[in-house]
Amino acid sequence: MLFSYGKCKCLHTGHGNEDAKYTLGDTVLNTTLKENDLGLTISADMKVSEQSGIAAAKGNQIIVLIRRNIVYLFIIQTVINCMSTRISK
247 MLFSYGKCKC
257 LHTGHGNEDA
267 KYTLGDTVLN
277 TTLKENDLGL
287 TISADMKVSE
297 QSGIAAAKGN
307 QIIVLIRRNI
317 VYLFIIQTVI
327 NCMSTRISK
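Using our numbering, you'd call the opening residue of the sequence shown number 247 and step up by one each time.
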């Protein structure tokens, strides 16, 4: 498998960086302000606020899914209990 130069990117970090142009072979690397890799968001200013925001949003989604399913199961259980008491009477 050949190395793909077109997929490579350059992330300039730090305050005093000159934002120089880098090349691999004859290909000039594209610059980016943030990069996602293995579920981790790395930004040029090296702050974790965006990563923590993404993690909090995913956690809130999971909490909402769990809460919806628990309420749904509670309603089903209540209806079944109510119906079984009516049938037995």
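Beta carbons: idealized from backbone N, C-alpha and C, even for Gly.
Here the structure is a predicted model, which means the values were calculated and not measured.
Among the options, nearest to residue i - alpha-carbon criterion
{"i": "Asp-291", "options": "Leu-279, Leu-284, Asp-283", "result": "Leu-279"}
{"i": "His-261", "options": "Gly-285, Met-247, Lys-293", "result": "Lys-293"}
First through last residue of the beta strand (DSSP E) which encompasses residue i
{"i": "Asp-283", "result": "280-283"}
{"i": "Thr-287", "result": "286-289"}
{"i": "Cys-254", "result": "That residue, Cys-254, is in no beta strand (DSSP E); it is neither H nor E in DSSP."}
Distance CB(residue i)-CB(residue j) smaller than 7 Å
{"i": "Glu-281", "j": "Ile-288", "result": "yes"}
Problem set entry | Cβ contact (3+ pairs, closer than 8 Å) linking the segment 266-279 and the segment 250-257 | yes
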